Amino acid sequence: MSLTRSAPPAASPEPAQRRAAKSAPKQRNWLHRFDNKRVPYLLISPFFLLFAIFGLFPIVFNGIVALRNWRLDDPTLTGWAGLANFEKLIHDEAFWNALGNTFGIFILATVPQLLIALMVANLLNRKLRGNTWWRVGVLLPYVTPVAASTLVFAVFFARDNGMANWLLSLVGFGQDTPLDWRAYKWSSWIAIATMVNWKWIGYNALLYLSAMQSIPKDVYEAAAVDGAGPWRQLWRITVPMIQPVLIFTVVLSTIGGLQLFNEPMLFEENPAAASGGSNGQWQTIAQLIYKVGWKDLNLGYAAAMSWALFVIILIVAALNALATNRLGGGRR
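According to full-length UniProt numbering, the residues represented by the sequence shown are 1 to 332, in order.
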C-alpha cells in the first residue's frame, strides 16, 4: 500500500468585506489629513481671492498709473512719465495747502476726540443708573449716516441764523457781525473737527470701556487703599493696562483723519466743486485727489498724490503708535 501526499488546498479568494475593511483605515486617514490640512485653506480662500481682486490689484494698478501720463480728456497723451508726477508734487502749492489743512483738521479732531472718549469711558465704567441707556446713547452719533449729520452741522455753522453763532452771541462774541465759519481756515477747521469728534467719540469710548472692564477690580481697590484718587488711577492704572486698545484707536484715527473726505466735502455749499472753500481754506488731500482725478481728469497725477498720502499715513501712524506706546509705559 503506497502512501500518497495530498496537495494543500487552494487558498480561497479573500472576501470583499475583508478587503474593504483593510482599505477603510487608509481612506479615513486620507480624509483626516485632507480635513486638517486642506479644508482650512479652502474656507479662507474667498477672503484672499476678494482681497486680491478688490484690494491688491487696485493698489498695484494705481502705482502703475502714478508712473504714467494718463488724462481722460486727452487719450492720445499716454506713455511713461517716470517720477515726473511725484516731482510735480514738490512744487505744487495746492498739494501743500491741502496737506496743511489735512494735518490741521487731523490734530483738532484726533487729540480731543481720543481724550474725551477716554474720559467718557471712565465715567461709563462706574456704577451709574441706566448704564445701558448711556452706552447706547454715546453710540448713536456713530450709527447716524455721515451725510445726514454733516448736513445738520452745515446748518448749525451757518453764517446767518446758525446755532453756533447764536451760542457765541450769548457770551458777547459776534453780536454785530456774525462769524462766517466757511471764510477762514481756523473757523472751518474747528467746524469740520467738531463734526468728526461728534461722530467718533462714542465709538472710541465703547472700545475703551470694553478694555476697562477686563481690568480686575482688585487693582483699583488696592490703589484706593494706597491713597490713589480717581484721576491718578486713570493715568497710572487704566491707561497702561488698556494700552493695546489705545494704540489701535490712535492708528485707526490717524488713518481716518488723514483720509478725511465726507465731512469737508459736504461742508461746502456746492459739494460738486470739491474746492474746499473759495480759497481752499479746508480742502483736504482726499478732496484734492478727487478734484484732480475726476474734475481735472488727470488720473496719473491723482494717483501720485494718493501714493504720497499712503506714505504719509504710514509714517504718521507709526510715529503715533510709538508715542502712544511710550506714554502708556510700554518698552517695545
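In this text, a Cβ means the ideal position worked out from N, Cα and C, and glycines have one as well. Owing to the predicted nature of the structure, the values given are computational and were not obtained by experimental measurement.
Taking its Cβ as the centre, do 16 or more other Cβ atoms sit within 10 Å of residue i, making it buried, or is it exposed?
i, result
"R326", "exposed"
"L151", "exposed"
"Y41", "exposed"
"residue 342", "The displayed coordinates of the chain run from 1 to 332. Any statement about residue 342 would go beyond what the structure contains."
"I53", "exposed"
"F153", "buried"
"T177", "exposed"
"S306", "buried"
"F57", "exposed"
"T254", "buried"
"I59", "exposed"
"W231", "exposed"
"F267", "buried"
"L118", "buried"
"F157", "buried"
Quickly, what does DSSP pair residue i with across the bridge? List them, please.
i, result
"R135", "Paired residue(s): none; R135 is not in a bridge."
"N80", "At residue 80 the sequence reads Trp, which differs from the Asn that was named. Beta-bridge pairing links W80 to R68."
"N298", "R71"
Just how far apart, CA to CA, sit residue i and residue j?
i, j, result
"Y290", "Q281", "16 Å"
"V111", "Y208", "15 Å"
"V155", "G162", "6 Å"
"I315", "M241", "26 Å"
"T132", "V138", "10 Å"
"S188", "R182", "5 Å"
"I215", "T238", "8 Å"
"G227", "L43", "54 Å"
"K185", "I201", "23 Å"
"I90", "N62", "20 Å"
"G274", "Q283", "Before going further, note that residue 274 is Ala rather than Gly in the sequence given. If you take the alpha carbons of A274 and Q283, they lie about 8 Å apart."
"D92", "N85", "10 Å"
"A272", "K295", "9 Å"
"Y220", "Q113", "26 Å"
"A308", "L322", "21 Å"
"A317", "N165", "35 Å"
"V136", "T144", "13 Å"
"L170", "F310", "44 Å"
"V225", "S45", "54 Å"
"T324", "L115", "12 Å"
"L246", "S149", "26 Å"
"A303", "A286", "11 Å"
"F95", "L77", "23 Å"
"L50", "V39", "18 Å"
"R33", "G229", "58 Å"
"I312", "R129", "45 Å"
"G55", "D160", "45 Å"
"P75", "F103", "35 Å"
"Q243", "W70", "45 Å"
"W134", "G172", "34 Å"
Are residue i and residue j closer than 8 Å when you measure CB to CB?
i, j, result
"A98", "L288", "yes"
"M265", "A121", "no"
"T249", "N279", "no"
"K37", "Y301", "no"
"L140", "L297", "no"
"N197", "V251", "no"
"K217", "Y142", "no"
"L179", "L168", "yes"
"N101", "G293", "no"
"V146", "N262", "yes"
"A223", "Q233", "yes"
Residue i: beta carbon under 7 Å from a heavy atom of the ligand ATP?
i, result
"G229", "Only the bare structure without any ligand can be found here, which leaves the ligand ATP out of the picture."
So that I know if they touch, is there some Cβ in chain C lying closer than 8 Å to that of residue i?
i, result
"T144", "Of the protein chains in the structure, only one exists, and it is not chain C."
Stretch pair the region 98-116 + the region 191-199: three plus CB contacts closer than 8 Å: Short answer: they touch.
Cβ pair count under 8 Å reaching 3, the region 117-133 against the region 198-218: Here the region 117-133 lies against the region 198-218, with 3 or more beta-carbon pairs under 8 Å apart.
Contact between the region 56-72 and the region 81-94 (3+ Cβ pairs under 8 Å): With the cut-off at 8 Å, the region 56-72 and the region 81-94 touch.
Stretch pair the region 255-264 + the region 229-238: three plus CB contacts closer than 8 Å: No: fewer than three Cβ pairs fall under 8 Å.
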